[in-house]
Structure formats: structure tokens, C-alpha cells
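These notes concern the structure reproduced below.
Quick look at the structure:
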């Protein structure tokens, strides 16, 4: 009888446990700190791993990119960057390139520039030039000669960026065009820039709603 009661109580306890909510997407590392596994060089600029970071250097007059091998739709991306010279850089999202070239045929850039007032955290591209940029009083958070923390969240047509913990933009894009594609680190044309990137992590938010990622 005692065994029957114990079994009944155990079954009731199990049935009373509520169903768990689906787990939030986990952070995944995009850079292992040792080599460029998972990345592809686009163009002829220099991309190597040095001292645990991705190092990019403009050595030609062309644009250069280091792109993920996987495409993404909705995501939350965080990374650290350091500008070791003057010049423009950025993180391209929802990107595609003309085969065999470094010509961007779709996508937009989250700006990186160590100069205050050059709109780091803003969005540029889609053949439109500047789409949105941060308020001037926010741009002083850039650390010109040190590591900076950048976070980019894309959820449908809503774009949110943070620089060093400060929200730079929260923008709903009425006509984003491309909504999936590669993520690419950029070096500007003209031989500009020496950049370092590290601690690159992503959450694939497409999986949050049970949707396939862009490459599935």
C-alpha cells in the first residue's frame, strides 16, 4: 500500500511540472582565436590571425572582406574591435558578393571608424548612402586607440546597435531589401585601415521562432 501511495504521489508530482519554455538561442563562437575556420577571404586584402585576434590590413587599392561561410537572417552579434590606424571599416550584414570579386551586390554596413563624428554604429549601404546614424552626443563613446565592444541585433526589419554598452540606433527599416546573407568584416578601399577583431559571438534568432536559418 505504501509503495502504491508513493508511486501515485510521484506520478502526480511529475504531471504537475509545467512544460518548459523553449530555450533561448545559445551564443555560438564565430572565431576560435587560432585560425580562420568558418571564414572566407573576399578580395586581396590581408587577413590573418595574430595574438588571438583577426588582423586585417589594407594592402591594395581595393575593398577587402572577411566573410562568414554561413548566411544569417535574424541574429544577435557581438564582437570586439580595435582600429590600429585611421580609416573606415565596418561589419556588413545580409551580404552577397559578385562571384569572383569583392563587389557587394546586396547588403548594408554597420559603420566602424575610430574618429568621433564618423557615425560608428550607424547603417550605410543598399545604394542609398547613409540610412541612419547615431545622435552626435552618443558618438563620443568610441575608444579611438583601444578595444571597443560592438553589438548588432537584427530582428526582421528592426536594427539595434550598441557601442561600449550604449545604444547607438534602434531603427525600423521600411524597405530593407535583402533580409539574409553573409556577415562580413570590411576593409575600405585605398589601402586604408589596420583592424583587429576578436571575441565574435552570435545567436541565431531565426531558431527562436522555429524558423530555419538562412542556410538551411
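In our numbering, the protein residues as written are 5 to 220.
Cβ coordinates follow ideal geometry from the N, Cα and C atoms, glycine included.
| field | With 16 other Cβ atoms within 10 Å as the buried cut-off, status of residue 46 | value | buried
| request: With a cut-off of 8 Å on the beta carbons, I'd call residue 77 and residue 205 a contact; round off their distance for me. | output: 17 Å between Cβ atoms; not a contact.
| task | Would you decide whether residue 73 is buried or exposed? Buried here means 16 or more other CB atoms lie within 10 Å of its CB. | result | exposed
| message | Given a cut-off of 8 Å on the beta-carbon distance, is the pair residue 116 and residue 138 in contact? | response | no
| field | DSSP state of residue 144 mapped onto helix, strand, coil | value | helix
| query | Applying the criterion that 16 or more other CB atoms from any shown protein chain within 10 Å of the CB defines a buried residue, is residue 141 buried or exposed? | reply | exposed
| message | Can you look up residue 209 in the DSSP assignment and give me helix, strand or coil? | response | helix
| Going straight from the alpha carbon of residue 34 to that of residue 202, what length do you get? | 9 Å
| Residue nearest to residue 191 in terms of C-alpha spacing, selected from 65, 123, 30 and 29 | 65
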